[in-house]
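Here is the structure we will look at, set down as structure tokens.
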Amino acid sequence: DQQVKQNSPSLSVQEGRISILNCDYTNSMFDYFLWYKKYPAEGPTFLISISSIKDKNEDGRFTVFLNKSAKHLSLHIVPSQPGDSAVYFCAATPFYYGGSQGNLIFGKGTKLSVKP
Amino acid sequence: DAGVTQSPTHLIKTRGQQVTLRCSPKSGHDTVSWYQQALGQGPQFIFQYYEEEERQRGNFPDRFSGHQFPNYSSELNVNALLLGDSALYLCASSIGGPSGGAADTQYFGPGTRLTVL
């Protein structure tokens with residue numbers, strides 16, 4: 001049973017518009033959430049994260065929102081650029097070992113295409 | 117500053133063989149985690165090494181084993197290869213000690229593409 005779900009396999013957006021990628025989780029023990037971006041033939045690149053004590057975290061064009069009661073998080077990219085075209089993975093982890101990350105549990109990813 | 121490096125880039129093996137994959141963590145990182153990414157799936161956690169010991173393990177059989185060296189680099193060994201072991205194997209490094217702070221981000225290498233024929 002998948003604990004982290006990204007229900008949209010793909011998303012297409014026009015350059016300059018907002019991209020919204022969604023992620024749902026089932027395990028209430030998850031305490032920390034991350035988004036990674038992956039280009040073909042490369043490893044996942046860390047984008048942005050959020051702790052369960054927050055409901056929003058911003059970093060430049062990227063904002064992550066967390067709704068704990070709904071067990072839902074989303075990544076907003078504004079404005080979207082063609083270079084943002086990649087597969088985006090949502091990941092979650094409970095805290096282990098005095099605060100250090102343990103096992104990351106990933107969704108299946110959403111392929112974002114940003115058209116010029 | 118070099119990021120996480122992995123070798124080899126690609127590998128082709130036949131069923132029943134054994135394989136060793138290698139990973140060097142990002143400078144300053146002491147923890148190495150290994151993930152398997154099958155086609156069309158997200159990465160799946162295999163195990164994590166800290167202070168040369170396996171600290172956590174995912175749902176993978178004993179055919180998957182690992183090692184961490186004093187310089188923090190790590191190896192992943194897979195014995196008795198099956199066709200289903202064909203995947204991208206990713207290594208991630210992080211700061212794993214009891215820092216008392218927020219979770220430390222795992223940074224990924226480019227991966228090793230293993231094909232089992």
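Heads up: the sequence lines are chains A and B, in that order. Sequential numbering from 1 applies to the first sequence in my numbering. Sequential numbering from 117 applies to the second sequence in my numbering. Every residue, glycine too, gets a C-beta built ideally from N, C-alpha and C.
Quick one: which chain A residues come within Cβ less than 7 Å of Tyr223/B? Phe46
Return the Cβ separation of Gln122/B and Gly212/B in integer angstroms, given the expectation that the two are a contact with Cβ distance under 8 Å. Contact flag wrong, Cβ pair sits at about 18 Å.
Using the Cβ count rule (16 or more neighbours within 10 Å means buried), how would you classify His126/B? exposed
Mind checking which residues open and close the beta strand (DSSP E) that includes Ile162/B? 160-166
The region 129-139 of chain B contacting the region 153-162 of chain B, beta-carbon criterion three pairs below 8 Å: no
Touching by the beta-carbon criterion (3+ pairs, under 8 Å), the region 79-94 of chain A and the region 13-20 of chain A: yes
Quick one: list the residues of chain B neighbouring Glu42/A, beta-carbon separation under 7 Å, in chain order. Pro226
Buried or exposed, going by whether 16 or more other CB atoms sit within 10 Å of the CB of Ser100/A? Because Ser100/A sits at a pLDDT of 49, beneath the cut-off of 50, its placement in the model cannot be relied upon, and the following sentence gives the value as read from the coordinates. Label assigned to Ser100/A: buried.
Looking at chain A, is there any beta carbon in it that lies within less than 8 Å of the beta carbon of Pro159/B? yes
May I ask which residues mark the beginning and end of the beta strand (DSSP E) holding Tyr36/A? 32-38
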